[in-house]
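Asker: Below is a structure I'd like to ask you about.
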Amino acid sequence: MHIDELERYWLIAVSVALGAFGAALLASVFIFRVQLPSPVARIDPAEINESAFAEPGLKDMGDNTYAALFVAQMWAFTPGEIRLPKGADVTFFVVSRDISHGFFIEQHNVNLMLLPGQIASATTRFNRPGTYRIICHEFCGPGHQNMVATIIVEDTEQSTAEEAAAE
Ligand code: CUA
Numbered sequence: 004m005h006i007d008e009l010e011r012y013w014l015i016a017v018s019v020a021l022g023a024f025g026a027a028l029l030a031s032v033f034i035f036r037v038q039l040p041s042p043v044a045r046i047d048p049a050e051i052n053e054s055a056f057a058e059p060g061l062k063d064m065g066d067n068t069y070a071a072l073f074v075a076q077m078w079a080f081t082p083g084e085i086r087l088p089k090g091a092d093v094t095f096f097v098v099s100r101d102i103s104h105g106f107f108i109e110q111h112n113v114n115l116m117l118l119p120g121q122i123a124s125a126t127t128r129f130n131r132p133g134t135y136r137i138i139c140h141e142f143c144g145p146g147h148q149n150m151v152a153t154i155i156v157e158d159t160e161q162s163t164a165e166e167a168a169a170e
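The sequence shown begins at 4 in the working numbering and counts up by one.
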């Protein structure tokens with residue numbers, strides 16, 4: 004079969020590119036262990052009120068480490084606001100009471116899908132004082148755009164210094 008010379012170059016270029024993409028994909032899966040976030044556990048939405056999620060909120064685990072339990076439902080997160088000291092390491096555990104929601108924290112590496120029946124989890128550190136929104140990024144009905152909670156990271160060192168100055 005005759006293949007034109009230019010055509011052959013294109014075939015080679017495409018083969019090399021596809022090979023590189025395939026190698027990158029395999030490397031990301033098997034060497035760098037890139038994975039979709041997976042549920043840490045399962046929970047029956049009807050049993051949320053009999054679980055640790057009956058009282059969602061921030062649990063102090065000591066050493067500036069926290070567990071944050073959130074419940075999502077149309078169209079709010081509970082709790083609606085948490086306050087953290089600067090540098091806090093927080094592991095979020097989030098469940099949905101009704102349908103699929105999203106859980107995205109501005110300027111932090113947390114982006115979860117909340118599927119009914121699953122507990123989603125992610126850990127991140129809050130190094131910069133400020134206010135960060137938790138946003139539902141999965142369309143969940145007419146109130147979707149209002150489904151927001153707030154994380155306030157307080158500059159504890161600064162407030163301690165201010166208290167010292169006030170004394
Ligand atoms: Cu919940 Cu969109």
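Where a beta carbon is used, it is the ideal one built from N, C-alpha and C, also for glycine.
Taking the alpha-carbon positions, what's the alanine 71 to phenylalanine 107 distance?
Answerer: 14 Å
Asker: Taking only heavy atoms of the ligand CUA into account, decide whether any of them is closer than 6 Å to the Cβ of methionine 150.
Answerer: yes
Asker: Any beta carbon of chain C sitting closer than 7 Å to that of glutamate 53?
Answerer: No chain C appears in this structure, which consists of one protein chain only.
Asker: Under DSSP, the beta strand (DSSP E) around phenylalanine 33 begins and ends at which residues?
Answerer: Element bounds for phenylalanine 33: not the beta strand (DSSP E) but the alpha helix (DSSP H), 8 to 33.
Asker: Should the stretch 119 to 127 be called in touch with the stretch 137 to 144, which here means at least 3 C-beta pairs below 8 Å?
Answerer: no
Asker: What does the alpha-carbon distance come out to for the pair glycine 133 and glycine 90?
Answerer: Their Cα atoms are separated by approximately 12 Å.
Asker: By DSSP's criteria, aspartate 92 is part of a beta bridge. Which residues make up the other side?
Answerer: Thr68 and Arg128
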